[in-house]
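**Student:** Under numbering that gives the first Met the number 0, think of the first position of the sequence shown as 0, with each following residue one higher.
Quick reminder that beta carbons are idealized off the backbone N, C-alpha and C, glycines included.
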Amino acid sequence: MGGTIVIVVRIWEGLGNQLFQYAYARALELRTGQKVYLDISEYEMKPEPVREYELCHFRIRQPVIHFAKVLPFVNRDKYYAKDMRRLKYFPVGLVKEDDCYFKQEICELKGLLYIKGWFQSEKYFKEFTHSIREELYPRNKISISRKLKRILEFDNTVSVHIRRGDFKKYRNILSDEYYERAKKMISRLIGEPYFIIFSDDIPYVKQNMNFEPRCFYVEPKYLYKDYEELMIMSRCKHNIIANSTFSWWGAWLNCNENKIVIAPKKWFPDKLEKDVNIVPDEWLRV
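Next comes the structure, spelled out in structure tokens:
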């Protein structure tokens, strides 16, 4: 980086959150003309990281910085700006975005900065939609089964993301009734949908939800990598998403101009609908 004035954006958590952070960083660079780097050392410092760095599977343009190699003495949990000042060309200001509310003031930041946040709103990067969609295209061809490839060619495919797993721990699971209402709504709007089911608990879905006979279960669980599942979701004509950044991106990357996206009214159990900016205005909420 030499003596160039740069902004560094921290990349952390799973793929859905990584994509929001990347989109924010890319839009910030395009908007301000200032160089923006991605700090990916979250995935390098732990012996066995819970999450993997997955942006490498896409044609992204942001350069990455390996913070651990450059600044091993930084307190990784707090990112104190005073520690960063030890390197003249490194960020001296710390900006933290701790919730999911859109903040206009962090859209045009400049200077020597280290930025950490969620940035879970399309408003941070909507003006650069075309560029970001082009960059969030997989570097390698995805190998899809012949049967699924044929189904994806149907006119009324609908991806359905049912997330349980780690959400059970935080009591943030959507009810079965949400999916029933969403299923009825999409059926009224497009006729005879063909559901493609993505879930970390397919046995539960088969036993407790009724998507058959016009459905396809993406299984077994680890048949596809996360980014591959995301791209398969985006190839469906329409989307029913969970309160998950993962399926949010599957729907957002869907380029069908006439797509219908159904999202839950309440994204977080403890927040009102109007409190969260994550769901775009044109998506339907039930």
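Per DSSP, what kind of secondary structure is Ser243 in: helix, strand or coil?
**Tutor:** Ser243 falls in the coil class under three-state DSSP.
**Student:** Relative to the alpha-carbon of Phe245, which residue among Tyr226, Pro137, Glu176 has its alpha-carbon at the smallest distance?
**Tutor:** Nearest option by C-alpha distance: Tyr226.
**Student:** Just the Cα atoms here: how many angstroms apart are Ile185 and Ile259?
**Tutor:** Answer to the nearest angstrom: the Cα atoms are 8 Å apart.
**Student:** Out of Lys236, Pro62, Lys224, which has the shortest C-alpha to C-alpha gap to Pro137?
**Tutor:** The residue with the shortest Cα to Cα distance from Pro137 is Lys224.
**Student:** Is there contact between the stretch 28-35 and the stretch 144-159, where contact requires at least three CB pairs shorter than 8 Å?
**Tutor:** Verdict: no, contact absent.
**Student:** Please determine whether the Cβ atom of Gln33 lies at a distance below 6 Å from any heavy atom of the ligand HEM.
**Tutor:** In terms of ligand content, the structure shown is empty, and the ligand HEM therefore cannot be addressed.
**Student:** If you draw a straight line from the alpha carbon of Asp175 to that of Asn207, how long is it in whole angstroms?
**Tutor:** If I take the Cα positions, the gap works out to 8 Å.
**Student:** Grab me the residues of Phe215's own chain with a C-beta within less than 6 Å of its C-beta, minus the 5 sequence neighbours each way, in chain order.
**Tutor:** Hits under 6 Å: Ile150, Ile195.
**Student:** Run the CB neighbour count on Leu188, radius 10 Å, all protein chains shown included, and call it buried at 16 or more, exposed below.
**Tutor:** Under this definition Leu188 is an exposed residue.
**Student:** Can you tell me whether Cys235 is buried or exposed? The criterion is at least 16 other CB atoms within 10 Å of its CB, across all chains shown.
**Tutor:** Looking at its Cβ environment, which holds 16 or more other Cβ atoms inside 10 Å, Cys235 is buried.
**Student:** So the candidates are Arg25, His65, Leu14, Tyr36; which of them puts its Cα closest to the Cα of Tyr52?
**Tutor:** Ranking Arg25, His65, Leu14, Tyr36 by Cα distance to Tyr52 puts Leu14 first.
**Student:** Using only CA atoms, which one of Leu135, Gly92, Lys182 lies nearest to Phe210?
**Tutor:** The option with the nearest alpha carbon to Phe210 is Lys182.
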